[in-house]
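To start, the structure under review is shown below, and the notes come after it.
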Amino acid sequence: MNMGVVEIQILVLLPLPIGVLVLYLILILIKFLHRVWWNPIRITKHLSSQGIKGPPYKFLYGNTKEIHSSTKKSISKPMKDLSHQIFPYVQPFQDTYIKFTMNMIINETLRLYPPTVSHTRRVAKEVHLGNKLMLPANMHVSVSTLALQHNPDIWGEDVGLFKPDRFSEGIAKATNNNNAAFLPFGLGPRFCVGSDFALTEIKIALAMILQHYHFTLSPAYVHSPVQRMTVLCAFLLYLLFLLIKFIHKVWWNPIYITKFLASQGINGPRYKLLHGNAKEILKMANESKSKPMEELSHQIFPYLQPFRYACIKTYGKIHLSWIGPRPQLFVSEVELIKEIMNDKDGVYPKTKSEGYFKKLLGDGLVSAQGNKWIKQRKQANHAFHAESLKGMVPSVIAAVETMVEKWKMYEGKEIEVFEEFRILTSEVISRTAFGSSYAEGKNVFEMMMKLGSIVSASFLKIRLPGIGKLMPNQDDIESDRLEQEIRKSILGLVQKREETRRNGGYGSDYLGMLMKATHEADEKKRISVDDMIDECKTFYLAGHETTTTLLTWTCLLLAINTEWQDKARKEVFDLLGENNPAPDDNSIGKLKILSMIINETLRLYPPVVAVVRRVAREVKVGNRIVLPANIELSISTVAVQHDPEIWGEDVHLFKPERFAEGIAKATNNNTAAFLPFGLGPRVCVGSNFAITEAKIALVMILQRYHFTLSPAYVHSPTQRITTRPQHGLQIMLHAL
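If you use this note's numbering, the sequence shown corresponds to residues 261 to 996, in order.
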C-alpha cells in the first residue's frame, strides 16, 4: 500500500501562447463580473435575511458616487464652528447610516482624529458573529474606528469636545474597560507593532516644541479633515497586480530560477513560455505509450518516463525541468534523496493537493501535512501495528480462497490476472478496513477508479487557476459528480455502522476507529466527518492499488522465470507441507525465497515511479546545492532502482538472489537505493500489510497451480496512479 502517489497537476495545452492569453483575459472578465455583480447580490440577500440592511448596491460603483457626492459637499465648505465632532464631516455617508497631561492630550487627539478611520477584514469561511449574525465566506467586514470613537453612546454627549481629562484615569477607565471602543492602533494579534515608537516620537517632538514655543491658531487655517479613496483606482491597481503576478509566474521567475541553478552547474531543457517542457513530456509519453516495448525487457525507465530518461543522458542525475511555469528539479542521487526524504528540519513537505487529485483523496493521510498529518499517522499506525495485522490474516485467506476456487474453471486455459487481483485486493481492504465486502463497496471502488483515470489523464495538462469553477469541462463535471457520489456511498457505510452501535461499539477495524475519533471528547484527538471521508477514500484507493500491481508483476516474472516459481513452490511445500494448509502469520515471516522474489519485483516494477516534494524555504542540500524556495523536487524511484552504478550491469535482469542477505546488503546499506514504499517519516504505513497480503495470495496460488506466460500478453507497462500492464496480464494456468 504505497502512500507516495505522484502529485503532478499541469494546464490545458493550447496551441499558441495567444490562445492562453485570451483565456486568461476571459477568466479576468468572469472574475470581474463575479466581483461587481453576482457577489454583491448574494451578500445583500444573505445579510438582509438577518435584518442587516443598507443603501442599495449600484453596479460597479456600489455607493461610491453617494459617498463621493456627500463627502465633496461636506468638504466644499469648512465646518460651521471649530468643533471636534469630525465623524459626520469626514465620513458623512457613513454617519447617515450608523494620569499625565501629555498622555491625556495625545489619547484625546487619537480619539478625535484617529490616523486610520477604519479597519477591514475578510471572512475566510462562513461563521457566526456575536451568536446572532451569520457571515458568508469571502465578504469584507469594515470596522470604523472613527464611528466608535465618536459614538455618544460610548463617550457621552460631549463626544465632539476636546476633553483630555476623560483619560485622566487611563484608557480602561475612559472606555469602561471596553478595549474595542478605542482603536487608534487597532486591536488583537495585528495590533500596530510600532505604536510605542510612534507615541514616543510624538512626545519627544511635542516636549521640545513646548520647551521653546507658545502657539495659537492662525486665522488662515481652514478646518477641513479629508479622506481620499477611489474605486476605479483600486480596481485598476488590482488588475495591474494580477498582470504583474502573471508575468512574474510565467516569465520572470523561470528566468531567475534557471539562472540561479545554472550558476551551480544545474541545467535542463529550455523553458518555453507558459508550457515549460510540458509539450515535450506529453509528446514523448504518448509516443512511448502508443506501442508496446519491442521485447519483453524489464528496462522500463526509458519506456515509462522517456523525457526523464533523455534528460539524465543529456543533463545528468540532477537537472531542472518545467511543468508549465512550475520549476521541478529532478533528483536521482541517492545521498541527496536520503536527506530530502528524511526531512529532519521539515524543509521538504509534500506538495499541496489540488484539482482532481484533491477530489480523489481529499486531505487524507497521503495529502495532509503538519499536525493534521501527525494525528492521522498515529491512527493509521494503530490500525496496522503487528497485532492488528495478525487479526487481518484470516480475512485475507478467506478472500484468496474465494479467488482460487473461481480459478478452477480456468485450469488448462488462459486467465487475465490483473483484474482478478484487483477484485481480490478490493475484497481484502473491504473486509479488513471497513467490515464489509467487495460487493458492498464495489460502487465506491468503481467510482474511485473512474476518478483515478481522470487524475491520470490530467497529469500532463496545464490549466489556468480557477478555470474549472468558472468554465467547467466534461472532466470537471464528471469529477464533481463522482466526488459527491463517493462521499454519499461512504456515508452510507457509516450510517449502517452507526445503526449497529446500539449493540456495542463502532468496531475494531479502521472504519470503527475513524468513527470513534469523530466522537472523541478530547478536541485535539477528534476528527471531522470530512476528515473521516478523506481517510476512507485514501484507504479504498491505496489499500488495493499497490498490492494489485505487486501481485501482477510478480506473476509476470514467475511466469517467465519458471525456475524461480519452482523454487518458491518448493519453499512453500517444505514449510507448510503438500496438503495445501493455509499460511499463518508465523509461517509468512519464514518465506525467505518468496521475500527475495517480492523485493526484486518491487525493484524492477516499483508501484509508483516518482514522488514529489516541495522546498519550503531556501536551503542547502548535500552541503553543495542551494535550492530556492517553492520549487518542486521530483525523486525518481524507477531511476534509482534501475541505476547500474548502484545495482550493477545486470540491473535489468530478474535476479532475486541479490536480496539473499536482505535489503541492507543488497543496497550496500544505502537506504535511499530501494524506495518502493518511500523513505523517512512518510514511509508507507501499510507496507507490511501489502507484503503480507501478497505473500498469502502467492502461497495459495503456488500450492495449487503452475503458470506460464500466455502468447497473448503484450508487454506495455504504463502509469495510472500506479505502474500497471496497459493491456492486462494473461497467463496459462495449470493445476498441480
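Even glycine gets a Cβ: it sits at the ideal position worked out from N, Cα and C.
Since the model is a prediction, treat every value here as computed from it, not as a measurement.
Check your understanding: From glutamine 979 to isoleucine 600, what distance separates their C-alpha atoms?
Key -> In the sequence shown, counting from the first residue as 1, residue 979 sits at position 719. In the sequence shown, counting from the first residue as 1, residue 600 sits at position 340. Their backbone Cα atoms lie some 24 Å apart in a straight line.
Check your understanding: Ordered along the chain, which non-local residues of its own chain (more than five positions away) have a Cβ less than 7 Å from that of alanine 640?
Key -> Counting from one through the sequence shown, the residue named residue 640 turns up at place 380. Here the set comprises Leu625, Val945.
Practice item. Determine contact between the segment 420-433 and the segment 391-404, defined as no fewer than three beta-carbon pairs at a distance below 8 Å. Key: no
Review point. Quick one: what does DSSP say glutamate 674 is sitting in, helix, strand or coil?
Key: To locate residue 674, count along the sequence shown from 1; it is residue 414. Strand, per DSSP.
Review point. Per DSSP, what kind of secondary structure is arginine 925 in: helix, strand or coil?
Key: Translated into positions along the sequence shown, residue 925 becomes position 665. Here residue 925 turns out to be lysine, not arginine, going by the sequence shown. Helix, per DSSP.
Check your understanding: Can you tell me whether tyrosine 473 is buried or exposed, with buried defined as 16 or more other CB within 10 angstroms of its CB?
Key -> The count along the sequence shown starts at 1 and reaches residue 473 at position 213. Burial call: exposed.
Check your understanding: How do the segment 729-740 and the segment 607-626 stand: do at least 3 beta-carbon pairs fall below 8 Å, yes or no?
Key -> yes
Check your understanding: Do leucine 835 and glutamine 825 come within 8 Å of each other at the CB atom, strictly closer than that value?
Key -> The residue given as residue 825 occupies position 565 in the sequence shown. The residue given as residue 835 occupies position 575 in the sequence shown. No, these two residues do not count as a Cβ contact at 8 Å.
Check your understanding: What's the call for lysine 610, buried or exposed, on a 16-neighbour Cβ count within 10 Å?
Key -> Residue 610 sits at position 350 when you count from the first residue of the sequence shown. Under this definition lysine 610 is a buried residue.
Review point. Where does aspartate 903 land, buried or exposed, given buried means 16+ other C-beta within 10 angstroms?
Key: Your numbering for residue 903 matches position 643 in the sequence shown. That one is buried.
Check your understanding: Between leucine 962 and glutamate 647, what straight-line distance do the alpha-carbon atoms span, to the nearest angstrom?
Key -> Position 702 of the sequence shown holds residue 962. Position 387 of the sequence shown holds residue 647. The alpha-carbon atoms of leucine 962 and glutamate 647 are separated by roughly 27 Å.
Review point. From His994, Ala932, Ile885, pick the residue whose C-alpha is nearest to that of glycine 525; which is it?
Key: Start at 1 with the first residue of the sequence shown, and residue 525 comes out as number 265. The shortest C-alpha separation from glycine 525 is found at Ile885.
Point to revise | Contact between the segment 963-982 and the segment 545-555 (3+ Cβ pairs under 8 Å) | key: yes
Check your understanding: Excluding the five sequence neighbours on either side, which residues of its own chain have a C-beta within less than 6 Å of the C-beta of phenylalanine 705, listed in chain order?
Key -> Position 445 of the sequence shown holds residue 705. Excluding positions up to five away in sequence, the list reads Ser686.
Point to revise | Short Cβ contact (8 Å threshold) for valine 898 with glutamine 565 | key: For the purposes of this step, residue 898 is taken as residue 638 along the sequence shown, with counting starting at 1. For the purposes of this step, residue 565 is taken as residue 305 along the sequence shown, with counting starting at 1. Yes, these two residues count as a Cβ contact at 8 Å.
Review point. Using CA coordinates, which residue listed in Ile683, Lys710, Gly712 is at the minimum distance from alanine 699?
Key: The residue given as residue 699 occupies position 439 in the sequence shown. Cα-wise, what sits closest to alanine 699 is Ile683.
Point to revise | Per DSSP, the bridge partner or partners of phenylalanine 967 | key: To locate residue 967, count along the sequence shown from 1; it is residue 707. Note: phenylalanine 967 sits in a beta bridge opposite Leu993.
Review point. Under the three-state reduction of DSSP, which class applies to valine 754: helix, strand or coil?
Key: For the purposes of this step, residue 754 is taken as residue 494 along the sequence shown, with counting starting at 1. It is helical.
Exercise for review: Please confirm whether proline 888 and aspartate 603 have their CB atoms less than 8 Å apart.
Suggested key: Here residue 888 corresponds to residue number 628 of the sequence shown, with the count starting at 1. Here residue 603 corresponds to residue number 343 of the sequence shown, with the count starting at 1. Cβ atoms of proline 888 and aspartate 603: not closer than 8 Å.
Check your understanding: Is DSSP giving lysine 551 helix, strand or coil here?
Key -> In the sequence shown, residue 551 corresponds to position 291, counting from 1. Looking at lysine 551 - three-state DSSP - the assignment turns out to be coil, as it is neither helix nor strand.
**Study point:** Simplified DSSP state of threonine 435, which is helix, strand or coil
**Key:** As a first step, residue 435 is located in the sequence shown; it is residue number 175 there, counting from the start. Coil.
**Study point:** Cα-Cα separation between tyrosine 608 and leucine 864, rounded to whole angstroms
**Key:** Within the sequence shown, numbered from 1, the residue matching residue 608 stands at position 348. Within the sequence shown, numbered from 1, the residue matching residue 864 stands at position 604. The alpha-carbon atoms of tyrosine 608 and leucine 864 are separated by roughly 27 Å.
Review point. Can you list, in chain order, the residues of its chain whose CB lies under 7 Å from that of lysine 577, leaving out five sequence neighbours each side?
Key: Walking along the sequence shown from the start, residue 577 turns up at place 317. Answer for lysine 577: Ser592, Glu593, listed in chain order.
Check your understanding: Taking C-alpha atoms, which residue in Val871, Leu342, Glu831 lies nearest to histidine 483?
Key -> Here residue 483 is taken as the residue at index 223 of the sequence shown, counted from 1. Checking every option, the nearest Cα to that of histidine 483 belongs to Leu342.
Point to revise | 8 Å contact criterion, which arginine 786 and glutamate 780 should meet: CB distance rounded | key: Residue numbering aside, residue 786 sits at position 526 when the sequence shown is read from its first letter. Residue numbering aside, residue 780 sits at position 520 when the sequence shown is read from its first letter. About 4 Å separates the two Cβ atoms, so the contact holds.
Check your understanding: When the Cα atoms are used, what is the spatial distance from isoleucine 657 to serine 713?
Key -> Here residue 657 refers to the residue found at position 397 when the sequence shown is read from its first residue. Here residue 713 refers to the residue found at position 453 when the sequence shown is read from its first residue. So the two alpha carbons sit approximately 30 Å from each other.
Check your understanding: Using the rule of at least 16 other Cβ atoms within 10 Å of the residue's Cβ for burial, across every protein chain shown, is lysine 850 buried or exposed?
Key -> Locating residue 850 in the sequence shown gives position 590, counting from the first residue. Result: exposed.
Point to revise | Straight-line Cα distance separating lysine 830 from leucine 854 | key: One-based indexing of the sequence shown puts residue 854 at position 594. One-based indexing of the sequence shown puts residue 830 at position 570. Cα to Cα, the separation comes out at about 10 Å.
Point to revise | Option nearest asparagine 439 by Cα separation, candidates Gly420, Glu461, Asp418, Ile414 | key: Reading the sequence shown from its first residue, position 179 is the one you call residue 439. It is Ile414 whose Cα lies nearest to the Cα of asparagine 439.
Review point. Mapping DSSP to helix, strand and coil, what is methionine 399?
Key: Position 139 of the sequence shown, counted from the start, is the residue given in the question as residue 399. Coil, per DSSP.
Practice item. Compute every distance between the C-beta of threonine 968 and the non-hydrogen atoms of the ligand ZN, then say whether any falls below 7 Å. Key: Here there are no bound small molecules, and the ligand ZN is not part of this structure.
Check your understanding: How long is the line joining the alpha carbons of isoleucine 820 and glutamate 783, rounded to whole angstroms?
Key -> Mapped onto the sequence shown, residue 820 falls at position 560. Mapped onto the sequence shown, residue 783 falls at position 523. About 55 Å.
Check your understanding: Is the CB-CB distance between leucine 408 and leucine 443 below 8 Å?
Key -> Residue numbering aside, residue 408 sits at position 148 when the sequence shown is read from its first letter. Residue numbering aside, residue 443 sits at position 183 when the sequence shown is read from its first letter. A contact, by the Cβ cut-off of 8 Å.
Check your understanding: With DSSP run on the structure shown, which of helix, strand or coil describes proline 300?
Key -> Taking the sequence shown and counting its residues from 1, one reaches residue 300 at position 40. The answer is helix: DSSP assigns proline 300 an H, G or I state.
**Study point:** Residues near histidine 912 in its chain [Cβ-Cβ closer than 8 Å; skip 5 each side]
**Key:** Counting from 1 along the sequence shown, the entry for residue 912 is found at position 652. So the list reads Ser557, His558, Gln559, Leu864, His902, once near-sequence residues are dropped.
Check your understanding: Are the beta-carbon atoms belonging to leucine 810 and alanine 950 less than 8 Å from one another?
Key -> Start at 1 with the first residue of the sequence shown, and residue 810 comes out as number 550. Start at 1 with the first residue of the sequence shown, and residue 950 comes out as number 690. Yes, Cβ-Cβ distance for leucine 810 and alanine 950 is below 8 Å.
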